[in-house]
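Respectively, the protein sequence lines represent chains A and B.
Take the position in the first sequence, starting the count at 1, then add 186; the result is the number in the numbering used here.
Take the position in the second sequence, starting the count at 1, then add 1115; the result is the number in the numbering used here.
C-beta: ideal position from N, C-alpha, C; glycine also.
Remember, predicted model here, so these are calculated numbers, not experimental data.
So the structure is just underneath, and the comments pick up after that.
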Amino acid sequence: MNSFPILTLMLLVPLAAAVACLYLDARAARVTALVATLVDLALGIVLWASFDIGGAQWQFTERFELFAGFSWALGIDGIALMLIMLSVFLMPVCIGASWSSVKSRAGEYMAAFLLMETLMIGVFAAQDLFLFYIFFEAGLIPMYLIIGIWGGDNRIYASYKFFLYTLLGSVLMLIAMLWMVNEAGTTDIPTLMAYDFSPEAQTWLWLAFFASFAVKMPMWPVHTWLPDAHVQAPTAGSVILAGVLLKMGGYGFIRFSLPMFPEASAQFAWLVFVLSMVAVVYTSLVALVQHDMKKLNAYSSVAHMAIVTVGLFAFNVQGLEGSMIMMLSHGLVSGALFLCVGVIYDRLHTREISRYGGLSINMPQYAIFFLLFTMASIGLPGTSGFIGEFLSLAGIYQVSSLVALVSGLGIILGAAYMLYLYRRVAYGEQRNADAAAMPDLSWREFALLAPVAAAVLWMGIYPESFLAPMRQDIAALEARIARSAPEGDAQVTPGNPEMAASAEGEAAGHGGAH
Amino acid sequence: MDFKDSLGLVAPELLLSVAGLILLLVAAWVGDKASKAISIAAVAVLVGASFLVGPALANGAVGPDTVAFMGQFRADAFAAFAKILIYLSAGACLMIAPSFFDRYGAMRAEYPILVLFAALGMGIMVSASDLLTLYIGLELNSLAAYVLASFLRTDARSAEAGLKYFVLGALASGILLFGMSLTYGFTGTTSFEGIRVALAGDMSTGALFGVVFVLAGLAFKISAVPFHMWTPDVYEGAPTPVTTFFSTAPKVAALALTMRVALDAFGPQADAWQQIVIFAALASIVVGALGAIGQANIKRLLAYSSINNVGFMLIGLAAATPEGASAMLVYLAIYVAMSLGGFVAVLMLKGEDGEPVEAIADISGLSATRPGLAAALAIIMFSLAGIPPLFGFWGKFVVFQAAVQADMIALAAIGIAASVIGAYYYLKVVKIMYFDEPAGVVTGKSDWAHQAILVITTVFVSPLGFLLTPWLGAHADAAATALFLAV
């Protein structure tokens, strides 16, 4: 395998830059942060380019016995690769988004973001259970500071809620991890993914992990921290929160809950489905009545993540692939939507939807980008959202028509609240003079939105680029969980020509009779 | 084993007592103007004593060769681990004292000497393998501690702290002695080894009472709930360098002593005391966390935090396994660093004229005015809360690991869930320092000793501390093995 420790390097670059930023003045810190995140993006592209599709499951593996009880073990498969790409792609955008809007303590702000980047990459690259936990939990500290120092008016409440909610979710997972390591005798994640725990133990372990990932995801009814955190966080904080942090929950399900506890996952699939169905309908309806743009986006995130969980627990390839694409797509689209909110917030300093209107007249470029991301969020064919939603629903339809139906309803509601939002912000009369006088995108804002838009379209038109690295890993996961896959109600009969023929014959007979 | 070998084993104690007596004479003749020189000499003596006990830890000393004075005293790796922590933290508490007491003109030559004698007593405590040695060490330490608590004679709060500590400490000693006499009465011996043999098998009710009273007396010394009430008052009232001392060295000594008594002397009856320890652990975690929430004084807050942390350490004891003992020692080492750093940071909070600032509201916005100090305090707070990647997490990690390995999953789950309550008030301190507007109260300068100790402890509890885990874990394992092999 590749002997060059590229993953460690990707962790160290932002970390070193974070330390440097603490000692630099505002301007130098911004430049340092941008350079570091771009270097990491370049390293990420190298990583993707040299990832051997169809090769070994775990690539770029590194292992050093630095610590007692656990090791510095890194390595990625296709799933982790895609999520790392998402992180390194969004980070320069975040730095750019806070280029001029963050005025106080810019050095510390950039340091917090760079630290976040290190920890996010660490979460996806960790191959040791405890190393994963450390990265997973450590993200709380910089995010707490980002919300608390640079957030909105009610930032203190939001930062506490964010921290304590997610901490409470995670600590039980630590006890479960300790038990697993004690039982299996290893902290190595790939080994644990193939270890068969007894079904009784799986039940408890699954619940402990679920407590953590459900909060992180977030699933209804433990989603309430998200709207608060999103509304109060600065724009870039919201982007990273929606773009990457929420994906840690989904990654947790796909990396831990499903392969490590397949029986328990099947046993609790109904729970996931019920919570997700409630979330899809309920949070979509809540989103429909929001007056605050960020809150609307936050609720739409909850609804979209519910479709991810539905797809994950469909126990088939379409569902899993759909969930992964959905996560990547949501990372880009919701991140971009928060950027769009940030652009007009920077001009008018309000998130009230009613304070805007008719922006397509004075901000045509902005309106086009906003329209694209709105459509991607709805899942219009040609955008990334369509691929994710279609595959997820195709996967879940094989398991339960009802869940597919309700989730589909969520997509219709999604179209309703997003189009309603767009109509109120970009169309109609220019009721407010100050909003009508806002200038169009600056070149900096254009440069932030354009790459995301390109990625959204790329993923929508040729998703194969993103699916190819993951295909083998998802197939392996599907093979692992197949033994406990719940029976579907769809009774599809692929590869049964006789039945298909008789169905065709019937159809032909009907046709002849008419 | 002859007398000469025994004397060799107590070399650190001999050094401390002889040096303490010499320095006492120097203080008597030269007076308070020599207090700085005596402090420096005392620090040198403590460091020297650490080097004397070092080999016992490095070699993992264990077995009959470590027993001195016919079973009265045991200089094994376990005692060595605790002694190094005690001596080094006592030395640090001497280094931070002068600049604090100078302000009150109270830097007296007795201070370093009292600390030396307290350290001597604590060394005897952790090496005790007989109830009488235990009591001598405990009282030697306590008497010095009562005087230290009221060292600022002109300050009413300090005098009150000393008196409170004395009255309640005397009560605890009484309870402990009562338990010892019951234990002696029902086992016929005061040596730990004899007690262990006598307690094997069915235990009589009288002996059970003995165990309960001994543990109650020790619970007072480690300030575990429900014997914790003195802690916030004494910590608040005592001069801050003395509070620093109380929260580090005596804590190590009392916890190590409790481990030795519970796992060695009462080892065969683990089932009997485990439930007591489990209750004390969970109650300390919850009461320590809830009590801290409403505090307005940072010293009181740290006092409750120490109660909270003792609860986590007792989870390691509740496991009653070598892994649990090793985990407790690792936690102790990390806790000492966090506690030392926390109190030194409090010492550095000074107003315009160098007057100490203790109100939490006054450190509001500290990150804007004193970014380095605020960052260090924030790191220590997150570390005390046990949030990874800070090193405080590792302490919690190992004790919970030990509990899970001992199949006490419910205890571990409840304990860790309660740790989230504790996170709230640590976050509050960070919030006040980072999110609130600057109050501009903390403006005073701090001296180099404070800064050096703060930097060292902060680096230790930062993620860099994880690089020490193999080394720390190996020594803690050796120490725990010594404790259990003695059985």
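Identity of the residue in the options nearest residue i by Cα
| i | options | result |
| --- | --- | --- |
| residue 1366(B) | 1443(B), 1416(B), 1386(B) | 1443(B) |
| residue 546(A) | 422(A), 511(A), 611(A) | 611(A) |
| residue 530(A) | 479(A), 288(A), 263(A), 307(A) | 479(A) |
| residue 325(A) | 315(A), 341(A), 356(A) | 356(A) |
| residue 1533(B) | 1258(B), 1236(B), 1248(B), 1511(B) | 1511(B) |
| residue 1573(B) | 1449(B), 1405(B), 1380(B), 1531(B) | 1449(B) |
| residue 260(A) | 310(A), 231(A), 510(A), 493(A) | 310(A) |
| residue 496(A) | 474(A), 523(A), 457(A) | 457(A) |
| residue 1122(B) | 1447(B), 1185(B), 1211(B) | 1185(B) |
| residue 1441(B) | 1134(B), 1271(B), 1513(B) | 1513(B) |
| residue 443(A) | 488(A), 424(A), 499(A) | 499(A) |
Buried or exposed (CB count within 10 angstroms, at least 16 for buried), residue i
| i | result |
| --- | --- |
| residue 1376(B) | buried |
| residue 1438(B) | buried |
| residue 242(A) | exposed |
| residue 449(A) | buried |
| residue 1390(B) | exposed |
| residue 540(A) | exposed |
| residue 303(A) | buried |
| residue 1280(B) | buried |
| residue 1374(B) | buried |
| residue 1470(B) | exposed |
| residue 1396(B) | buried |
Same chain, Cβ closer than 6 Å to residue i, five either side skipped, listed in chain order
| i | result |
| --- | --- |
| residue 695(A) | Here the model assigns residue 695(A) a pLDDT of 48, short of 50, so the residue's position is not dependable and the matter cannot be decided. |
| residue 1600(B) | 1177 |
| residue 1477(B) | 1554, 1556 |
| residue 373(A) | 256, 314, 315, 316, 367 |
| residue 486(A) | 473 |
| residue 1392(B) | 1429, 1432, 1433 |
| residue 1331(B) | 1290 |
| residue 697(A) | Model confidence at residue 697(A) stands at a pLDDT of 43, short of 50, so the residue's coordinates are unreliable; what they give is reported in the following sentence. Contacts found: none. |
| residue 1363(B) | 1204, 1451, 1454, 1455 |
Straight-line gap, residue i to residue j (C-alpha atoms, nearest Å)
| i | j | result |
| --- | --- | --- |
| residue 1264(B) | residue 203(A) | 46 Å |
| residue 1154(B) | residue 276(A) | 56 Å |
| residue 1593(B) | residue 339(A) | 53 Å |
| residue 1180(B) | residue 1414(B) | 43 Å |
| residue 1283(B) | residue 1159(B) | 33 Å |
| residue 429(A) | residue 437(A) | 13 Å |
| residue 1588(B) | residue 1523(B) | 22 Å |
| residue 1402(B) | residue 1502(B) | 20 Å |
| residue 601(A) | residue 1536(B) | 41 Å |
| residue 1566(B) | residue 1251(B) | 36 Å |
| residue 560(A) | residue 604(A) | 6 Å |
| residue 585(A) | residue 556(A) | 35 Å |
| residue 382(A) | residue 669(A) | 12 Å |
| residue 699(A) | residue 452(A) | Note that residue 699(A) scores 42 on pLDDT, short of 50, meaning its location in the model is unreliable; the coordinates nonetheless yield the value given after this. The straight-line gap from Cα to Cα measures roughly 45 Å. |
Contact under 9 Å by Cβ, residue i with residue j
| i | j | result |
| --- | --- | --- |
| residue 512(A) | residue 575(A) | yes |
| residue 1217(B) | residue 1306(B) | no |
| residue 1141(B) | residue 1224(B) | yes |
| residue 1168(B) | residue 1183(B) | no |
| residue 229(A) | residue 279(A) | no |
| residue 419(A) | residue 344(A) | yes |
| residue 1321(B) | residue 1295(B) | no |
| residue 1261(B) | residue 1238(B) | no |
| residue 1506(B) | residue 1581(B) | yes |
| residue 334(A) | residue 1550(B) | yes |
| residue 406(A) | residue 461(A) | yes |
| residue 581(A) | residue 503(A) | yes |
7 Å CB neighbourhood of residue i in its chain, flanking five on each side removed
| i | result |
| --- | --- |
| residue 571(A) | 515, 519, 562, 563, 564, 565 |
| residue 210(A) | 218, 293 |
| residue 360(A) | 319 |
| residue 238(A) | 245 |
| residue 1447(B) | 1200, 1367, 1370, 1428 |
Own chain residues within Cβ distance below 8 Å of residue i, not counting five before or after
| i | result |
| --- | --- |
| residue 440(A) | 265, 498, 506, 509, 510, 663 |
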